[in-house]
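*Asks:* Here it is: the structure, laid out below.
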Amino acid sequence: MLKKLIHTIFLPCSEATLLMEKRNADNIFPKENWKLNLHLKICKWCRAYKEKLEILDDILKRKLSQEEKIEMNNSEIQGFKEKVSKNLDI
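Quick note on our numbering: the sequence shown kicks off at 102 and runs consecutively.
Here it is in structure tokens:
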């Protein structure tokens, strides 16, 4: 009952994922951070999303920090999109 109440009224998953993105890109307000952390404690789906988001951010940061330019052709980009979609079950 408490989990459902927190999900529907306090902080729905749709808002939690937006706050995770916002927190990675910039700082969020302490109240938002508190709500998000509480939501993550009870929601296994959002915790899984957070883990995947952290992995993708880490990969992108490493790629951007490399001095050499990385080029991908269209088939490589499409293959990457398909792998991400498959892992996210979209």
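Positions of the beta carbon are idealized from the N, C-alpha and C atoms, including for glycine.
(1) For D159, name the three-state secondary structure that DSSP assigns.
(2) I143 lies in the alpha helix (DSSP H); which residues open and close that run?
(3) Which value, in whole angstroms, describes the spacing of the CA atoms of I110 and W146?
(4) Could you tell me the boundaries of the alpha helix (DSSP H) in which F181 lies?
*Replies:* According to the structure shown:
(1) helix
(2) Bounds of the alpha helix (DSSP H) holding I143 are P131 to I143.
(3) 17 Å
(4) Its alpha helix (DSSP H) spans residues N175 to L189.
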